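Residue numbers (the working numbering): -15 to 346.
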Amino acid sequence: MSRWIKVALVVLVGVVALLALNAVAVTNSTKDAERDVEGAELIETSNGTLQVLEQGDPAASPVVLLHGAAGSMRWFESMASLLAESHRVISVDLLGHGGSDKPSTGYEITDQANAIAEALARLDVVGATIVGQSLGGTVAIAIAEQSPELASRLVILDQAPTDSYEQNSASSGVLTAPLVGPAIWRLSQIGPTSAVRDQYEIAFAPGFNIASGFENPDQVVDDLRAMTYTSFTEPLDAEGAYTDLRSLDERLRAIEVPLLVAFGAEDQIYVAEESLAAYESVAGVQTEILEGVGHTPNVEAPEQTAALIEAFIVRTEAAERAARKAEAARAAKKAEARKAARAKARAKRQAKKKQGQDDSGK
């Protein structure tokens, strides 16, 4: 064996060893919750501490906003302000994201849903409209399954029923690869912000200026760097496991809750039309395609998306009021019928009694 081959082997072994050490360090990293949004609060749950922000009228109907993977509540900042004009808006950082806890385990969809349900219970929230974008949509459905009293209606933005509708997932595939993924993650923490921002282009319509969608033009970079490697990869694996067990459309058919599903026509992650069509089997579902919008309508078209949600809430609330009124009318009619039947029976008894008296008098 030549000297240069030996040197190359030594270097290769050294590189592999460094990659392995980096993988161990990166995958075992955790971060505690911290309040990084003005006005937000930290709420402890049995699954971890969540950062939660309330806006709007505390007495108004509640709307809960759940962001997608590798995002934060700031991805709803424009839309939340619009909805807060008429509603009590609660924005939540999912576990592993934003200012919430980033533990080493516990990222199953049911864990995420349990944590949010506990936080909402602490805030005395019931009967909310739960809006979930991408990963947040899956969590929203899990909340409706596990805690039906919390969800009066659901809004799902750009979340396909299963991963089979994906048309582009190469970037996340590389990041989850052994040794290579942790190494790329390490570079993302120290590399140029422009390179990190470029990795988010898939989450928006082609050509969308990402910086224009946030108050902080580097928000997507800050959100990624606030995460740990585990909090990035584990929710994605958990999401796949959850939908492999039962697809989201199948779960929704069993829940029977008013449902709005919207997709951006320019979604680069899922095939929008096919994904939307899969939800058509859910009874009473309202489906919408947003032209010129990508995977993240809450950032790309906040006014249009907020208006769509507001109209959905108004329509379903009106339907619920009408249903309650009709039920009350049916109950009143039944009560009146029972009252009439009792009166008739009483009159019959009195008539028989009188007849008996008359017979005895004779």
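Even glycine gets a Cβ: it sits at the ideal position worked out from N, Cα and C. Note that the structure is predicted; figures quoted are calculated from it, not measured.
So, are the CB atoms of residue i and residue j less than 9 Å apart?
| i | j | result |
| --- | --- | --- |
| proline 87 | glycine 121 | no |
| leucine 72 | valine 47 | Reading the sequence as shown, one finds arginine at residue 72 and not leucine. Yes, these two residues count as a Cβ contact at 9 Å. |
| glutamate 223 | alanine 53 | yes |
| aspartate 77 | leucine 141 | no |
| alanine 195 | aspartate 202 | yes |
| leucine 216 | glycine 80 | According to the sequence displayed, residue 216 carries phenylalanine and not leucine. Their beta carbons are under 9 Å apart, which means phenylalanine 216 touches glycine 80 by this criterion. |
| leucine 104 | histidine 51 | no |
| alanine 225 | isoleucine 93 | yes |
| glycine 55 | glutamine 117 | yes |
| threonine 89 | glutamate 218 | yes |
| tryptophan 59 | aspartate 207 | yes |
| isoleucine 27 | glutamate 102 | yes |
| valine 269 | leucine 243 | yes |
| glycine 197 | serine 75 | no |
Report the partner residues of residue i according to the DSSP bridge assignment.
| i | result |
| --- | --- |
| phenylalanine 247 | Ile273 |
| threonine 217 | In the DSSP output, where bridge partners are listed per residue, threonine 217 has none listed. |
| alanine 135 | Ala112 |
| lysine 348 | A query on residue 348 cannot be resolved here, the shown segment of the chain reaching from -15 to 346 and no further. |
| arginine 72 | Gly40 and Pro46 |
| tyrosine 254 | Glu150 |
| isoleucine 125 | Isoleucine 125 is not bridged to any residue. |
Can you list, in chain order, the residues of its chain with a C-beta nearer than 6 Å to that of residue i? Leave out the 5 residues immediately preceding and following it.
| i | result |
| --- | --- |
| valine 21 | Leu37 |
| isoleucine 125 | Leu232 and Arg235 |
| threonine 113 | Val47, Arg137 and Ile297 |
| leucine 67 | Val47, Val73 and Ala290 |
| aspartate 95 | Asn31 |
| valine 109 | Pro46 |
| alanine 331 | none |
So, at 8 Å on beta carbons, what are the nonlocal neighbours of residue i in its own chain, with the 5 sequence-adjacent residues on each side left out?
| i | result |
| --- | --- |
| leucine 171 | none |
| serine 65 | Gln39 |
| alanine 44 | Ser70, His71 and Arg72 |
By Cβ distance, which residues of its chain are closer than 7 Å to residue i, with the 5 residues on each side in sequence left out?
| i | result |
| --- | --- |
| leucine 260 | Val245, Phe247, Thr271 and Ile273 |
| phenylalanine 192 | Gly278 and Glu284 |
| aspartate 251 | Asp142, Gly278 and His279 |
| tyrosine 184 | Ile194 and Val204 |
| isoleucine 239 | Ala128 and Glu129 |
Establish whether the CB of residue i and some CB of chain B are separated by less than 9 Å.
| i | result |
| --- | --- |
| aspartate 206 | Structure shown: chain B not included; a single protein chain is present. |
Compute the minimum distance between the beta carbon of residue i and the heavy atoms of the ligand ATP, and state whether it is under 8 Å.
| i | result |
| --- | --- |
| alanine 312 | No copy of the ligand ATP occurs in the structure displayed, which carries no ligand at all. |
Report yes or no: do the stretch 273 to 287 and the stretch 302 to 313 share at least 3 C-beta pairs separated by less than 8 Å? Too few Cβ pairs lie closer than 8 Å, so no.
Item to complete: Quick one: which unbroken alpha helix (DSSP H) runs of 4-plus residues sit fully inside the stretch 273 to 330? Chain order, please.
Response: 281 to 284
Would you call the stretch 145 to 152 in contact with the stretch 73 to 93, where contact means no fewer than 3 C-beta pairs closer than 8 Å? no
| request: Would you mind listing the alpha helix (DSSP H) stretches within the stretch 176 to 231 that are 4+ residues and don't spill past its ends, in chain order? | output: Counting only runs of at least 4 residues, the stretch 176 to 231 fully encloses the following alpha helix (DSSP H) elements, listed from N- to C-terminal order: 177 to 182, 203 to 210 and 213 to 229.
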